[in-house]
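Everything in the sequence shown is counted per the working numbering, starting at 1379 for the first residue and increasing by one. Notes follow once the structure below has been shown.
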Amino acid sequence: NPRICIVFFDSEETGLAGSEHFVRSLDPACIEAMINVDLVGYGDTVIVGPSPSENEKTQLNQSIKKTCSGLSIDCLFSQRLPAGDYQSFDAVGIPTVSLATLPSSEAHQAWHVLNRPDDSRLQNDNLPQIARVIHTNSDTADRLDPAAMTMAYNLLVNLLEELISPSK
(Lines of atoms letter the chains of each structure in order from A and count residues from 1; the text may use other names and numbers.)
(Lines give C-alpha, C1' and ligand atoms only; values in the text may rest on other atoms or scores of the structure.)
Protein backbone atom coordinates (compact mmCIF):
# COMPACT_ATOMS: atom_id res chain seq x y z
CA ASN A 1 0.00 0.00 0.00
CA PRO A 2 1.36 3.41 -0.91
CA ARG A 3 1.89 5.86 1.88
CA ILE A 4 1.14 9.54 1.43
CA CYS A 5 2.77 12.08 3.73
CA ILE A 6 1.42 15.59 3.95
CA VAL A 7 4.02 18.04 5.18
CA PHE A 8 3.66 21.79 5.61
CA PHE A 9 6.54 24.22 5.25
CA ASP A 10 6.40 27.99 5.71
CA SER A 11 8.48 30.99 4.76
CA GLU A 12 10.37 29.35 1.92
CA GLU A 13 11.13 32.87 0.71
CA THR A 14 13.54 33.31 3.62
CA GLY A 15 15.36 30.08 2.87
CA LEU A 16 14.43 26.45 2.49
CA ALA A 17 15.52 25.43 5.98
CA GLY A 18 12.38 23.42 6.78
CA SER A 19 12.22 21.46 3.55
CA GLU A 20 15.99 20.95 3.43
CA HIS A 21 15.93 19.57 6.99
CA PHE A 22 13.00 17.29 6.13
CA VAL A 23 14.64 16.00 2.94
CA ARG A 24 17.79 15.06 4.90
CA SER A 25 15.60 12.67 6.94
CA LEU A 26 14.38 10.84 3.80
CA ASP A 27 15.69 8.07 1.62
CA PRO A 28 15.11 9.63 -1.84
CA ALA A 29 14.90 6.15 -3.38
CA CYS A 30 11.73 5.53 -1.36
CA ILE A 31 9.93 8.69 -2.53
CA GLU A 32 7.90 8.57 -5.74
CA ALA A 33 7.16 12.28 -5.98
CA MET A 34 6.77 15.57 -4.17
CA ILE A 35 3.72 17.69 -4.98
CA ASN A 36 4.21 21.28 -3.90
CA VAL A 37 0.94 23.14 -3.39
CA ASP A 38 1.70 26.83 -3.28
CA LEU A 39 -0.43 29.85 -4.00
CA VAL A 40 -3.82 28.21 -4.35
CA GLY A 41 -7.06 29.82 -3.36
CA TYR A 42 -8.31 31.93 -6.17
CA GLY A 43 -8.55 31.61 -9.91
CA ASP A 44 -9.57 29.05 -12.49
CA THR A 45 -6.23 28.22 -14.08
CA VAL A 46 -3.40 26.10 -12.70
CA ILE A 47 0.25 26.88 -13.27
CA VAL A 48 2.22 23.65 -13.17
CA GLY A 49 5.96 23.64 -12.98
CA PRO A 50 8.72 23.36 -13.31
CA SER A 51 8.01 21.43 -16.48
CA PRO A 52 10.16 18.34 -16.59
CA SER A 53 12.31 17.73 -19.61
CA GLU A 54 11.23 15.12 -22.13
CA ASN A 55 13.14 12.33 -20.39
CA GLU A 56 12.77 13.13 -16.72
CA LYS A 57 9.84 12.73 -14.35
CA THR A 58 7.78 11.16 -17.13
CA GLN A 59 5.18 9.45 -14.95
CA LEU A 60 4.61 12.57 -12.87
CA ASN A 61 4.37 14.74 -15.99
CA GLN A 62 1.95 12.34 -17.69
CA SER A 63 -0.15 12.06 -14.53
CA ILE A 64 -0.57 15.81 -14.12
CA LYS A 65 -1.47 16.24 -17.81
CA LYS A 66 -3.99 13.40 -17.60
CA THR A 67 -5.48 14.79 -14.38
CA CYS A 68 -5.84 18.33 -15.75
CA SER A 69 -7.45 16.99 -18.90
CA GLY A 70 -9.76 14.62 -17.02
CA LEU A 71 -11.02 17.44 -14.82
CA SER A 72 -11.19 19.94 -17.71
CA ILE A 73 -8.90 22.30 -15.86
CA ASP A 74 -6.78 24.76 -17.82
CA CYS A 75 -3.21 23.97 -16.78
CA LEU A 76 -0.25 26.02 -17.98
CA PHE A 77 3.09 24.28 -17.81
CA SER A 78 5.96 26.58 -16.86
CA GLN A 79 9.66 25.84 -17.28
CA ARG A 80 10.49 28.22 -14.46
CA LEU A 81 8.97 28.98 -11.07
CA PRO A 82 9.92 31.23 -8.19
CA ALA A 83 12.07 29.60 -5.54
CA GLY A 84 10.14 27.12 -3.44
CA ASP A 85 10.29 24.05 -1.26
CA TYR A 86 10.16 21.79 -4.31
CA GLN A 87 13.83 22.68 -4.87
CA SER A 88 14.98 20.80 -1.76
CA PHE A 89 13.37 17.62 -3.10
CA ASP A 90 14.54 18.17 -6.66
CA ALA A 91 18.12 18.64 -5.42
CA VAL A 92 18.21 15.01 -4.24
CA GLY A 93 16.54 13.61 -7.35
CA ILE A 94 12.96 13.32 -6.11
CA PRO A 95 10.51 14.13 -8.93
CA THR A 96 8.60 17.31 -8.12
CA VAL A 97 5.68 19.31 -9.40
CA SER A 98 4.33 22.60 -8.08
CA LEU A 99 0.73 23.70 -8.43
CA ALA A 100 -0.57 27.26 -8.18
CA THR A 101 -3.97 28.68 -9.11
CA LEU A 102 -4.68 32.08 -10.59
CA PRO A 103 -7.37 33.68 -12.72
CA SER A 104 -6.67 32.90 -16.39
CA SER A 105 -5.38 36.36 -17.33
CA GLU A 106 -3.04 36.48 -14.30
CA ALA A 107 -1.86 32.92 -14.92
CA HIS A 108 -0.88 33.83 -18.48
CA GLN A 109 0.83 37.02 -17.28
CA ALA A 110 2.69 35.04 -14.62
CA TRP A 111 3.74 32.44 -17.21
CA HIS A 112 5.25 35.18 -19.38
CA VAL A 113 6.99 36.84 -16.43
CA LEU A 114 8.49 33.50 -15.39
CA ASN A 115 9.41 32.18 -18.83
CA ARG A 116 10.21 35.40 -20.72
CA PRO A 117 11.89 37.55 -18.03
CA ASP A 118 13.78 39.64 -20.59
CA ASP A 119 10.64 40.74 -22.42
CA SER A 120 10.51 44.51 -21.85
CA ARG A 121 6.71 44.47 -22.08
CA LEU A 122 6.59 42.58 -18.79
CA GLN A 123 7.75 45.30 -16.46
CA ASN A 124 5.94 46.41 -13.29
CA ASP A 125 2.85 47.73 -15.08
CA ASN A 126 2.19 44.31 -16.58
CA LEU A 127 2.85 42.13 -13.56
CA PRO A 128 -0.08 39.95 -12.51
CA GLN A 129 -2.17 41.32 -9.64
CA ILE A 130 -0.97 38.54 -7.34
CA ALA A 131 2.55 40.02 -7.50
CA ARG A 132 1.18 43.19 -5.91
CA VAL A 133 -0.75 41.29 -3.21
CA ILE A 134 1.28 38.30 -2.05
CA HIS A 135 3.22 38.92 1.18
CA THR A 136 1.55 42.28 1.77
CA ASN A 137 -1.11 43.40 4.24
CA SER A 138 -3.65 42.81 1.44
CA ASP A 139 -2.80 39.08 1.39
CA THR A 140 -5.74 38.05 3.58
CA ALA A 141 -8.09 35.07 3.84
CA ASP A 142 -11.02 37.06 2.46
CA ARG A 143 -9.36 36.84 -0.97
CA LEU A 144 -9.86 33.06 -1.00
CA ASP A 145 -12.43 31.74 -3.46
CA PRO A 146 -14.31 28.56 -2.44
CA ALA A 147 -14.59 27.44 -6.10
CA ALA A 148 -10.82 27.81 -6.58
CA MET A 149 -10.13 25.94 -3.34
CA THR A 150 -12.44 23.14 -4.48
CA MET A 151 -10.73 23.01 -7.88
CA ALA A 152 -7.29 22.78 -6.25
CA TYR A 153 -8.52 20.09 -3.86
CA ASN A 154 -10.03 18.04 -6.70
CA LEU A 155 -6.87 18.39 -8.75
CA LEU A 156 -4.69 17.24 -5.88
CA VAL A 157 -6.92 14.29 -4.92
CA ASN A 158 -7.24 13.13 -8.53
CA LEU A 159 -3.51 13.55 -9.12
CA LEU A 160 -2.74 11.42 -6.06
CA GLU A 161 -5.22 8.77 -7.25
CA GLU A 162 -3.61 8.80 -10.70
CA LEU A 163 -0.14 8.43 -9.24
CA ILE A 164 -1.23 5.55 -7.01
CA SER A 165 -3.19 3.75 -9.76
CA PRO A 166 -1.90 5.04 -13.13
CA SER A 167 -3.75 2.36 -15.11
CA LYS A 168 -7.17 3.92 -14.37
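Here a beta-carbon is modelled for each residue, glycine too, at the ideal position from N, C-alpha and C. Since the structure is predicted, the reported quantities are computational estimates derived from the model, not experimental observations.
- Contact between the region 1449-1458 and the region 1514-1526 is absent, with fewer than three C-beta pairs closer than 8 Å.
- When DSSP states are grouped into helix, strand and coil, Ile1382 belongs to the coil group.
- Less than 8 Å separates the beta-carbon of Gly1421 from that of Ala1526.
- Looking only at Ala1530, Ser1543 and Pro1473, the smallest Cα-Cα distance to Glu1410 is reached by Pro1473.
- Shown here, Thr1436 sits in a helix according to DSSP, grouped into three states.
- Taking C-beta separations shorter than 7 Å and ignoring five residues to either side along the sequence, the partners of Val1470 in its chain run Val1401 and Pro1406, following chain order.
- Under the DSSP definition of a beta bridge, Leu1394 lacks any partner.
- DSSP places Asn1536 in no beta strand (DSSP E) but in the uninterrupted alpha helix (DSSP H) bounded by Pro1524 to Ile1542.
- Around the C-beta of Ser1466, 16 or more other C-beta atoms lie within 10 Å, and the residue is accordingly described as buried.
- Assignment of Val1426 by DSSP, reduced to helix, strand and coil, places it in the strand class.
- The alpha carbon of Leu1522 has as its nearest neighbour, out of Ala1488, Glu1540, Asp1496 and Leu1480, the alpha carbon of Leu1480.
- The Cβ atoms of Asn1414 and Val1491 lie no closer than 8 Å to each other.
- If you check the CB distance, Ser1441 and Glu1540 come in under 8 Å.
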